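A.B. asks:
Chains as they are written, first to last, in the numbering used here: chain A, 472 to 671; chain B, 472 to 671.
1. Can you say whether residue 603 of chain A is buried or exposed, counting buried as having 16 or more other CB atoms within 10 angstroms of its CB?
2. Just the C-alpha distance for residue 500 of chain A and residue 507 of chain B, rounded to the nearest angstrom, thanks.
3. Among the candidates A/646, A/539, A/509 and A/562, whose CA atom is the shortest distance from the CA of residue 595 of chain A?
4. What is the rounded straight-line gap between the Cα of residue 555 of chain A and the Cα of residue 562 of chain A?
5. Quick check on residue 522 of chain A: does DSSP put it in helix, strand or coil?
6. Output yes if chain A places a C-beta closer than 8 Å to the C-beta of residue 595 of chain B; else output no.
7. Please work out which residues of its chain come closer than 6 Å, Cβ to Cβ, to residue 559 of chain B, disregarding the five sequence neighbours upstream and downstream, and give them in chain order.
8. In chain order, what residues of the same chain have a beta carbon less than 7 Å from the beta carbon of residue 545 of chain A, not counting five sequence neighbours either side?
9. If you draw a straight line from the alpha carbon of residue 531 of chain B to that of residue 584 of chain A, how long is it in whole angstroms?
10. Answer yes or no: does any C-beta atom of chain A fall closer than 8 Å to that of residue 632 of chain B?
11. Within the 8 Å Cβ cut-off, does residue 587 of chain B reach chain A?
12. Going along chain B, which residues have a C-beta under 8 Å from residue 622 of chain A?
13. What residue range does the alpha helix (DSSP H) around residue 498 of chain A cover?
14. Closest Cβ-Cβ distance between residue 614 of chain A and chain B: below 8 Å?
15. Suppose contacts are defined by Cβ-Cβ distances below 8 Å. Is residue 600 of chain A in contact with residue 543 of chain A by that definition?
16. Of all the alpha helix (DSSP H) runs that stay within the bounds of the stretch 551-599 of chain A, which reach a length of 4 or more residues?
17. Is any beta-carbon of chain A found at less than 8 Å from that of residue 509 of chain B?
18. With 8 Å set as the bound, which would you pick, yes or no: does the beta-carbon of residue 518 of chain A sit closer than that to a beta-carbon of chain B?
19. Who are the Cβ neighbours of residue 552 of chain A in its own chain at under 8 Å, not counting the five residues just before and after it?
20. What is the DSSP secondary structure of residue 610 of chain B, counted as helix, strand or coil?
21. Is there a Cβ of chain A sitting closer than 8 Å to that of residue 506 of chain B, yes or no?
22. Is the beta carbon of residue 667 of chain A within less than 7 Å of some heavy atom of the ligand GDP?
23. Output needed for residue 520 of chain A: all residues of its chain with C-beta closer than 7 Å, excluding positions within five of it in sequence on either side, in chain order.
24. Just checking: is the beta-carbon of residue 535 of chain B within a distance shorter than 8 Å of some beta-carbon in chain A?
25. Would you verify that the beta carbon of residue 626 of chain A is, or is not, closer than 8 Å to some beta carbon of chain B?
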């Protein structure tokens, strides 16, 4: 029991490990906007002094950089895994499933990524990585079209945007305790993307 | 020729009619965030003095109010039109088509609505109207499920969120001069929602 108590952060006083600081900061950015959030706001939310906060992170921009690396690194790793699969159908299904997983596991970081406006060089570079990811998904859609797995009358880029519109919306509304449990979510999205709403 | 020249606003000097002021303001809100935009920023963007700007609008909040009324009023009118149709299939197709139309015709205003965080009573009321609209769409999905038009194994609320994830993403990426012309967009989205990506 004492071991368990030692592991559980005390209520009302957030844990001060770097990961906790980063996650709380990203959540606050998502609530009130990155530009509108000051280091003082972050310190207040975390119940830390500014100097204690600077013990964990160098700057507000560093938090953004780490969060964007986490979101983009996750998506890029999912792409590598999908590309290692052995058929166009599996590769397309793989990236849809992988993206759903990253979006739910790193919801705060991906939300931040999706709302970037390109207001700094760091954001511009992140948006460029996001565009490269989108282009690689479009290539997988095109490959699936060549195999007759995806309608050929639909522009591959448009199909990608529509499917990722569905996937990206998860950060806005998905709750693990809602009608779709996490282990079924990827299947639900994949079926909706490939077969639509009509009964099979 | 002189008539045409008189109709065309001079380059480099935006038109000062109230609608132009409102549209430019909403565009600036979307670029840099509503909270982060001051009345001075708006005046600068429009090439007006602050007092000239106040000739057109009472406050920054009034601009937000008018824009949200335009977006929500458009969606609610689309819902009324859909509800007047005579079968569940037509009503569901009607609201999907109607929402696509509103999102492309009032892209700036809908973008602003979709990014609201509920930071003021005005925003809270708008978010409540948006939720009511979503619930009415969910009712149309449920009605279509009862008729066997939509898979019954999918939660109606989840189906609505997935389809509106696709529709709402249009404000992020759709361009009228891209691969899908405006007059085909509603059909493309409706087909993707109902039939998915697989060839029919």
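We put the beta carbon where it would ideally sit given N, CA and C, even for glycine. Remember, it's a predicted structure, so these values are computed and weren't measured experimentally.
C.D. replies: According to the structure shown:
1. exposed
2. 13 Å
3. A/539
4. 8 Å
5. helix
6. no
7. 614, 615 and 618
8. So the qualifying residues of the chain are 573 and 577.
9. 27 Å
10. So yes, residue 632 of chain B belongs to the interface.
11. Taking Cβ atoms only, chain A never reaches closer than 8 Å to residue 587 of chain B, which makes this a no.
12. 668, 669, 670 and 671
13. 489-503
14. no
15. yes
16. 559-576 and 578-585
17. no
18. no
19. Same-chain partners within the cutoff: 565 and 569.
20. helix
21. yes
22. Summarising the ligand content, the structure contains no ligands, and the ligand GDP is consequently not present.
23. 514
24. no
25. yes
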